[in-house]
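Under UniProt numbering, residues 1 to 540 are what the sequence shown spells out, in order.
Notes follow the structure.
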Amino acid sequence: MAGEQLQVLNALDVAKTQWYHFTAIIIAGMGFFTDAYDLFCISLVTKLLGRIYYHVDGAEKPGSLPPNVSAAVNGVAFCGTLAGQLFFGWLGDKLGRKKVYGMTLMLMVICSVASGLSFGHTPKSVMATLCFFRFWLGFGIGGDYPLSATIMAEYANKKTRGAFIAAVFAMQGFGILAGGIFAIILSSSFNAMFEAPSYEVDALRSTVPQADYVWRIILMVGALPAALTYYWRMKMPETARYTALVAKNAKQAASDMSKVLQMDIEAEPQKIEQTKEQKSGFGLFTKEFAKRHGLHLLGTTSTWFLLDIAFYSQNLFQKDIFSAIGWIPSAKSMNAIDEVYRIARAQTLIALCSTVPGYWFTVAFIDKMGRFAIQLMGFFFMTVFMFALAIPYDHWTHKENRIGFVIMYSLTFFFANFGPNATTFVVPAEIFPARLRSTCHGISAASGKLGAIVGAFGFLYLAQNQDKAKADAGYPAGIGVKNSLIVLGIVNALGFLFTFLVPESKGKSLEEMSGENEEKEPQGEAEPPSSSGRRTAPVA
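Structure (structure tokens):
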């Protein structure tokens with residue numbers, strides 16, 4: 001756009017923080033609350049699924065999911081999320097953010113309920129149905145990433161944009177917390193109503209028939225927050241940046257934002273007219289994009305990929321770490337529902353002490369320190385704490401050092417969230433042109449989910465004991481927890497290096513960051529375009 005910014009976009013950039021900013025955070029944030037609840041609640045119930053569906057009579061330990069089933073149940077939602085991020089990211093740039101936003105939410109509601117209704121005659125069929133619905137649940141969740149980030153970035157003002165996008169993402173922390181708290185309440189009440197002996201006392205009676213309801217209810221409750229915000233999502237107007245810069249309808253953008261900002265905004269259709277000769281500008285697979293934003297896209301995809309390897313592998317072998325350091329007693333000394341309670345309690349404590357505060361530290365400091373500094377600092381401390389856990393790992397396993405281990409482990413999480421976990425989500429929504437913003441955010445997020453799949457699946461196997469006899473049933477020998485932590489330390493160090501590819505977007509308008517204000521006239525056009533005989537740029 002030749003040099004000058006549209007008044008409607010400028011009005012959004014300089015707007016004071018108002019009520020509509022907070023409603024946007026809540027509407028977009030509730031999607032993220034649901035995403036986190038749905039993705040992480042499965043780790044609360046996997047041990048229970050093993051006891052219910054894979055019980056072996058006379059076995060010394062309670063039943064557990066075979067490795068391939070465990071990997072599928074834990075990881076299938078991530079595969080869906082990856083596909084959803086790419087598909088809905090692309091669709092959000094094609095059809096508009098708002099149209100696609102409702103679709104993702106409905107998909108999440110339907111599949112949350114359906115995954116709790118996974119029925120079948122054999123354990124295999126129950127697990128297959130569960131995996132099927134978890135995949136499509138993930139597909140809906142995937143769409144929420146690029147759309148929520150893009151909508152919030154395009155609604156926010158320059159000064160506090162980072163904090164607003166980070167606040168949407170920080171709702172994840174509350175989602176994880178809510179999952180844990182709900183599982184604690186549910187398992188306590190079931191435990192009180194249906195008393196059962198521990199596994200070593202009476203293997204069969206330790207899993208009461210009603211335990212089958214526990215995991216189903218936990219999974220289905222994920223539909224509630226999403227369903228509650230559906231109406232508000234549908235009432236939100238399309239973002240002005242999409243309407244003006246992509247759909248080229250300045251009049252509609254001005255009228256939508258006049259209502260939102262409660263002020264008169266001039267439509268300026270003549271400025272939009274001037275840009276129609278570059279109707280679609282350069283596309284994603286063009287030399288021009290590679291020249292301007294190629295390194296940026298490499299930066300956002302690689303840092304998110306590396307971060308999620310570390311972040312999700314920790315989250316998924318968290319319960320194994322808790323068992324190793326004695327927070328959760330051995331499985332045979334508990335009944336099935338008691339085990340859910342213990343795992344949920346441990347996860348909630350971690351979320352409360354490190355996960356949630358980390359997110360909100362980012363919200364508080366991102367527009368003061370900037371994205372770049374927070375991301376570098378986060379990767380640096382994650383590397384330090386990972387090595388501090390790994391190198392003297394044997395020291396941490398002694399009973400008297402357990403609290404120290406948990407503190408170090410919590411600090412790693414804290415700096416993931418007050419660091420790259422939040423910034424990798426914020427930056428891709430700010431540095432690409434409006435017509436590719438949702439797509440590029442989707443690509444970056446999908447790269448992250450690929451890292452999550454590597455972290456989740458890879459470390460299920462890697463963290464196994466080096467002695468095959470001590471490894472979990474059905475797993476080959478791994479490299480052990482200690483070496484796994486060393487690998488994660490190296491991954492974090494690489495994330496630190498790749499951060500240098502990402503530009504700082506603090507305090508700049510979206511058009512300034514993406515270069516949309518300077519997009520040139522097509523080459524070889526010396527004279528200014530007259531109202532007649534306009535030439536159009538070749539469509540990429």
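The beta-carbon is built from N, C-alpha and C at its ideal position, and this holds for glycine as well.
As the structure is a computational prediction, the values presented were derived from the model and not from experiment.
Let's see if you can read the secondary structure: which residues bound the alpha helix (DSSP H) around residue i?
i                 : result
asparagine 68     : 67-95
methionine 236    : Methionine 236 -> no alpha helix (DSSP H), and no H or E assigned at all.
valine 356        : 356-369
residue 554       : There is no way to answer for residue 554, as the model of the chain reaches only from 1 to 540.
cysteine 41       : Cysteine 41 -> no alpha helix (DSSP H), and no H or E assigned at all.
phenylalanine 139 : 123-155
glutamate 339     : 336-350
lysine 251        : 250-261
threonine 424     : 420-426
tyrosine 54       : Neither: tyrosine 54 is in no alpha helix (DSSP H) and is coded neither H nor E.
cysteine 440      : 434-453
tryptophan 215    : 211-220
glutamate 511     : 510-514
threonine 397     : 393-397
valine 168        : 161-193
glutamine 7       : 7-14
isoleucine 486    : 480-498
phenylalanine 457 : Element bounds for phenylalanine 457: n/a, residue is neither H nor E.
With burial defined as no fewer than 16 other Cβ atoms inside 10 Å of the residue's Cβ, what is the status of residue i: buried or exposed?
i                : result
serine 189       : exposed
glycine 84       : buried
serine 206       : buried
glutamine 466    : exposed
tryptophan 19    : exposed
aspartate 394    : exposed
tryptophan 327   : buried
isoleucine 403   : exposed
leucine 48       : buried
isoleucine 407   : exposed
phenylalanine 22 : exposed
valine 201       : exposed
isoleucine 42    : buried
histidine 121    : exposed
proline 392      : exposed
proline 329      : exposed
threonine 286    : exposed
glutamine 262    : exposed
glutamine 210    : exposed
proline 197      : exposed
Can you round the beta-carbon distance between residue i and residue j to whole angstroms, since I take them to be within the 8 angstroms contact cut?
i                 : j                : result
leucine 9         : glutamate 511    : 7 angstroms
phenylalanine 418 : glycine 489      : Contact flag wrong, Cβ pair sits at about 18 angstroms.
alanine 456       : glycine 75       : 5 angstroms
leucine 307       : glycine 448      : 7 angstroms
threonine 150     : histidine 398    : No, threonine 150 and histidine 398 are not in contact; Cβ-Cβ is about 49 angstroms, not under 8 angstroms.
threonine 383     : alanine 493      : 5 angstroms
alanine 36        : isoleucine 217   : About 18 angstroms; that fails the 8 angstroms criterion.
phenylalanine 135 : alanine 77       : 7 angstroms
glycine 142       : phenylalanine 88 : 6 angstroms
serine 509        : isoleucine 337   : About 54 angstroms; that fails the 8 angstroms criterion.
valine 73         : leucine 65       : 7 angstroms
Roughly how many angstroms lie between the CA atoms of residue i and residue j, to the nearest whole one?
i                 : j                 : result
aspartate 57      : tyrosine 199      : 11 angstroms
valine 487        : leucine 376       : 19 angstroms
alanine 434       : glycine 63        : 51 angstroms
threonine 424     : phenylalanine 379 : 11 angstroms
glycine 80        : leucine 137       : 7 angstroms
serine 530        : proline 269       : With a pLDDT of 36 at serine 530, under the threshold of 50, the modelled position of that residue is not reliable, and the figure given next carries that caveat. If I take the Cα positions, the gap works out to 16 angstroms.
glutamate 277     : threonine 229     : Legend: pLDDT at glutamate 277 = 46, less than 50; position of this residue unreliable, no value from coordinates given.
tyrosine 101      : valine 260        : 19 angstroms
alanine 15        : isoleucine 25     : 16 angstroms
phenylalanine 415 : alanine 267       : 44 angstroms
glycine 116       : leucine 352       : 26 angstroms
phenylalanine 132 : cysteine 111      : 9 angstroms
alanine 364       : alanine 163       : 7 angstroms
threonine 129     : methionine 152    : 35 angstroms
leucine 450       : arginine 371      : 23 angstroms
proline 67        : glycine 173       : 28 angstroms
isoleucine 343    : valine 45         : 9 angstroms
valine 168        : serine 148        : 8 angstroms
glutamate 516     : alanine 71        : 44 angstroms
serine 484        : phenylalanine 305 : 17 angstroms
glutamate 288     : glycine 507       : 25 angstroms
valine 340        : phenylalanine 322 : 13 angstroms
alanine 156       : leucine 105       : 22 angstroms
aspartate 212     : arginine 51       : 10 angstroms
proline 237       : leucine 297       : 29 angstroms
Answer with yes or no whether the minimum CB distance from residue i to chain B is below 9 angstroms.
i              : result
asparagine 249 : Here chain B cannot be found, since the structure has a single protein chain.
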